[in-house]
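Heads up: the sequence lines are chains A and B, in that order. Heads up: take any position in the first sequence, counting from 1, add 60, and you land on the working numbering. Heads up: take any position in the second sequence, counting from 1, add 60, and you land on the working numbering. Here's the structure we're looking at; comments come further down.
Number of protein chains: 2
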Amino acid sequence: MPHIKLEEGVPGILGPMLFSPHTAGPMNLLANALMQSDEGLSRGERELIGTYVSSLNDCYFCQTIHGAIASAYLEDDDWSFVKNVKSNYAETTLSEKMKSLLSIAGSVQRGGKNVTTEQIETARKNGADDRDIHDTVLIAAAFCMFNRYVDGLATTAPTDPDIYRNRAKKVIANGYSATISNGTY
Amino acid sequence: MPHIKLEEGVPGILGPMLFSPHTAGPMNLLANALMQSDEGLSRGERELIGTYVSSLNDCYFCQTIHGAIASAYLEDDDWSFVKNVKSNYAETTLSEKMKSLLSIAGSVQRGGKNVTTEQIETARKNGADDRDIHDTVLIAAAFCMFNRYVDGLATTAPTDPDIYRNRAKKVIANGYSATISNGTY
């Protein structure tokens, strides 16, 4: 049961966002600016970083919805690729650049000061530029917020994968900013 | 030295925000909506929660600037009260309500799932309502983002307290949203 009174049947982060629309607005704008950008990292890569950090934070709702969005972008129909990235990205077919960025994201998840100069150098050697590194750090940091918002209020989450598949389609079509304001959760 | 190329002499979070204005915009709107609200918790109490979480995350820039803002609101001229809140809030003259909310904020800092039903019940017994609990969780979660953004990119921070005092006055007068766009950092 959630720690505060939230509308029933509204899953995950959408419950608190409906409770507090004046803070949900900027949070969705941030998600949109950060995740629905085509500059540098692809949308699928951005969602992979968010999914990985959400799995490190053990946030079921976030890792499942963002995993579903990543899978949709990456044509990973049975979710097996995203599952492998979460459990052991080093052994996947991801680019060396993405592997080094996920390593940085993992450090950010434990705390910003864990990011080392060596990790940054490795990422650059693998083709990452300032924008890629910036966006990786901010995506990882932002998911440390979203995950804590979802679990710190003990929100509920559906288990039916089709609910996440359907919501993923809506996010991909309309962006994050639109998903609360028009009630299409 | 920061992990990416940031404008010199721009301290803390303001460097990455200048680097990436399209994500800074929503982040400042969120800070404004969350910290410059008079509904329920006072602005000084909101800043205390942000300062406390920043100290748990060992983020020098954030705990110093938000500590300076909290001190300005709470007429804590020599910063001794905020310092005591950071080191041992239970022994301060803070209200029992604020102490129980800081306890919740501390749990969120370690991860959302650490918030217990007992902590929520204690907060309610001490006068906290759904809005107070929601805002405490979201402030704590948001500072877990801001702190990681600042330290994950290894930004630099000035040590002169007057720089923080002066910036605190500007934030109190103009809000967070205005401090980047008009260049008054």
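We put the beta carbon where it would ideally sit given N, CA and C, even for glycine.
Using the beta-carbon of each residue, which ones in chain B are nearer than 9 Å to residue i?
| i | result |
| --- | --- |
| A:Leu74 | Those do not exist, as A:Leu74 stays about 14 Å from chain B at its closest Cβ, beyond 9 Å. |
| A:His126 | Result: empty, since nearest Cβ-Cβ is about 16 Å, beyond 9 Å. |
| A:Val197 | His63, Ile64, Pro76, Arg208, Tyr209, Gly212, Leu213 |
| A:Phe121 | By Cβ distance, chain B contributes nothing, its closest Cβ being about 11 Å from A:Phe121, past 9 Å. |
| A:Val113 | Result: empty, since nearest Cβ-Cβ is about 10 Å, beyond 9 Å. |
| A:Phe79 | Asp190, Arg191, His194 |
Among the options, which one has its Cα closest to the Cα of residue i?
| i | options | result |
| --- | --- | --- |
| A:Ala200 | A:Ser115, A:Pro86, A:Leu74 | A:Ser115 |
| A:Ile164 | A:Leu66, A:Val142, A:Asp195, A:Leu134 | A:Asp195 |
| B:Pro218 | B:Asn88, B:Cys119, B:Lys143 | B:Cys119 |
| B:Val210 | B:Phe121, B:Tyr149, B:Gln179 | B:Phe121 |
| A:His126 | A:Trp139, A:Ser140, A:Gly110 | A:Gly110 |
| B:Val70 | B:Ala233, B:Lys229, B:Thr176, B:Ile223 | B:Ile223 |
| B:Leu161 | B:Thr124, B:Lys143, B:Asp189 | B:Asp189 |
| A:Gln123 | A:Arg208, A:Thr182, A:Leu89 | A:Arg208 |
| B:Ile129 | B:Arg227, B:Asn234, B:Ser237 | B:Arg227 |
| B:Ser80 | A:Leu90, A:Ile73, A:Arg170 | A:Leu90 |
| B:Met61 | A:Thr153, A:Thr176, A:Pro221, A:Met205 | A:Thr176 |
| A:Asn174 | A:Ser155, A:Arg225, A:Val197, A:Lys185 | A:Val197 |
| A:Arg225 | A:Val113, A:Lys146, A:Lys159, A:Tyr133 | A:Tyr133 |
| A:Asp138 | A:Lys230, A:Ile180, A:Pro221 | A:Pro221 |
| A:Leu154 | A:His63, A:Gly171, A:Glu105, A:Tyr236 | A:Glu105 |
| B:Gln179 | A:Leu74, A:Lys230, A:Tyr236, A:Leu213 | A:Leu213 |
| B:Val231 | B:Ser131, B:Leu66, B:His63 | B:Ser131 |
| B:Phe203 | B:Asn234, B:Gly171, B:Ala233 | B:Gly171 |
| B:Ala150 | B:Tyr112, B:Lys185, B:Gln169 | B:Tyr112 |
| A:Asn234 | A:Met205, A:Lys65, A:Lys159, A:Met95 | A:Met95 |
List the residues of chain A that residue i touches, going by C-beta distances under 7 Å, in chain order.
| i | result |
| --- | --- |
| B:Asn207 | Gly172 |
| B:His82 | Ala93 |
| B:Cys204 | Cys204, Met205, Arg208 |
| B:Asp190 | Ile64, Lys65 |
| B:Ile193 | His63, Ile64 |
Starting from residue i, find everything on chain A with Cβ-Cβ shorter than 8 Å and list it in chain order.
| i | result |
| --- | --- |
| B:Asn117 | Gly171, Gly172 |
| B:Ala200 | Arg208, Gly212 |
| B:Val70 | The contacting residues do not exist; B:Val70 stays about 14 Å from chain A at best. |
| B:Val145 | Under the 8 Å cutoff, chain A gives no residues; its nearest Cβ is about 20 Å from B:Val145. |
Can you tell me whether residue i is buried or exposed, with buried defined as 16 or more other CB within 10 angstroms of its CB?
| i | result |
| --- | --- |
| B:Lys157 | buried |
| B:Asp44 | Here chain B comprises residues numbered 61 to 245, so residue 44 of chain B is not present and cannot be evaluated. |
| B:Thr215 | buried |
| A:Asp98 | exposed |
| B:Ser140 | exposed |
| B:Asp192 | buried |
| B:Met87 | buried |
| B:Asn117 | buried |
| A:Gly187 | exposed |
| A:Thr83 | buried |
| B:Ser167 | buried |
| B:Pro76 | buried |
| A:Glu107 | buried |
| A:Glu68 | exposed |
| A:Ala183 | buried |
| A:Ser147 | exposed |
| A:Ser237 | buried |
| B:Ala93 | buried |
| A:Gly243 | Note on A:Gly243: pLDDT 49, under 50, position unreliable in the model; the coordinate value appears next. Per the 10 Å Cβ criterion, exposed. |
Residues of chain B with CB closer than 7 Å to the CB of residue i, please, in chain order.
| i | result |
| --- | --- |
| A:Leu90 | Thr83, Pro86, Met87, Leu90 |
| A:Ile180 | His63 |
| A:Val231 | Chain B residues near A:Val231: none, gap ~16 Å exceeds 7 Å. |
Which bits of chain A does residue i rub up against, with CB to CB less than 9 Å?
| i | result |
| --- | --- |
| B:Val168 | Arg208, Tyr209, Asp211, Gly212 |
| B:Val142 | The contacting residues do not exist; B:Val142 stays about 22 Å from chain A at best. |
Those runs of the beta strand (DSSP E) which lie wholly inside the segment 186 to 210 of chain B and span at least 3 residues: none
Give the list of continuous alpha helix (DSSP H) stretches no shorter than 4 residues that lie fully inside the segment 72 to 112 of chain B.
74 to 79, 81 to 95
Q) Considering only residues of the segment 110 to 173 of chain A, which uninterrupted alpha helix (DSSP H) runs meet the minimum length of 4 residues and lie entirely inside it, listed in chain order? A) 120 to 133, 140 to 148, 156 to 170
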